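Here's the structure we're looking at; comments come further down.
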Amino acid sequence: MIRLFAAIALPGDIAALLVAHQTGLRDVRWRTAETLHITLRFFGDVDERRAEDIAAALECAAGEAFDLSLTGVGAFGEGERVRAVWAGLQEKPALRQLAARCETAVRQAGCTPETRKFAPHITLAYLRRAEPAEVAAWIAGNNLLRAPPFTVRRFGLYSSWPGEAGSRYELERFYLLR
């Protein structure tokens, strides 16, 4: 079995900017610059044959290159149940279309349909125990986060390998956007 997801990797300067904002919260696992990404579709644990089917199906998902910009921060969960903090992305139909094309392609490859609505974001940290006031202060202090636009010219199929310091991701295949 292999754990897979489709994602957009971040340019080094954007990842470095985000890492610079990874401060001010306790009892969290901050993501390293190398692991910051925009998930298009999470597949979970799949067998080798299904992994090949997914990799082949994603060939059909490629579209036009497009620009993205960071805008603001937020959290998943509320109060003491906050489980992650994230950086937001400016709304772009092209990003949603790419995620939808990935979903359509992998459904045709036999994957179970995704039940969660696509929520474009970059996970910055996973929280073990949330202190609501601390999380609220972090959001308030970073909510004006912005970065120059960057061009998305490709996306990838990644494997995820758990470890003591968090998961390690490996690019298995990439797909160019026109």
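Numbering of the sequence shown is given in this note's numbering, commencing with residue 2 and proceeding in unit increments. Glycine is no exception: its CB is placed at the ideal position from the N, C-alpha and C atoms. Keep in mind that this is a model prediction, so the values were computed, not measured.
- If you ignore the 5 residues before and after Val74, its C-beta comes within less than 8 Å of the C-beta of His22, Val86, Trp87, Ala88, Gly89, Leu125, Trp139, Ile140, Asn143, Asn144 and Leu146, all in its own chain and listed in chain order.
- Here Val153 is near Ile9, since their CB atoms are less than 8 Å apart.
- In the DSSP secondary-structure assignment, Phe67 is bridged to Val153.
- Note: Trp162 is bridge-paired with Arg169 in the DSSP secondary-structure output.
- When DSSP states are grouped into helix, strand and coil, Gly78 belongs to the coil group.
- Counting only runs of 4 or more residues that sit fully inside the region 106–150, the alpha helix (DSSP H) segments are 133–143, in chain order.
- Of Pro150, Ala100, Trp31 and Phe119, the smallest CA-CA separation from Ile15 is found for Pro150.
- For the pair Val29 and Arg102, the CB atoms are not nearer than the 8 Å cut-off.
- Short of 8 Å from the beta carbon of Pro12, and not among the five residues preceding or following it, lie these beta carbons of its own chain, in chain order: Phe151.
- Taking Arg169 as the centre and dropping the five residues before and after it, the same chain places the C-beta of Trp162 closer than 6 Å to its C-beta, in chain order.
- The residue among Lys93, Leu37, Ala131 and Ser70 with its C-alpha nearest the C-alpha of Ala7 is Leu37.
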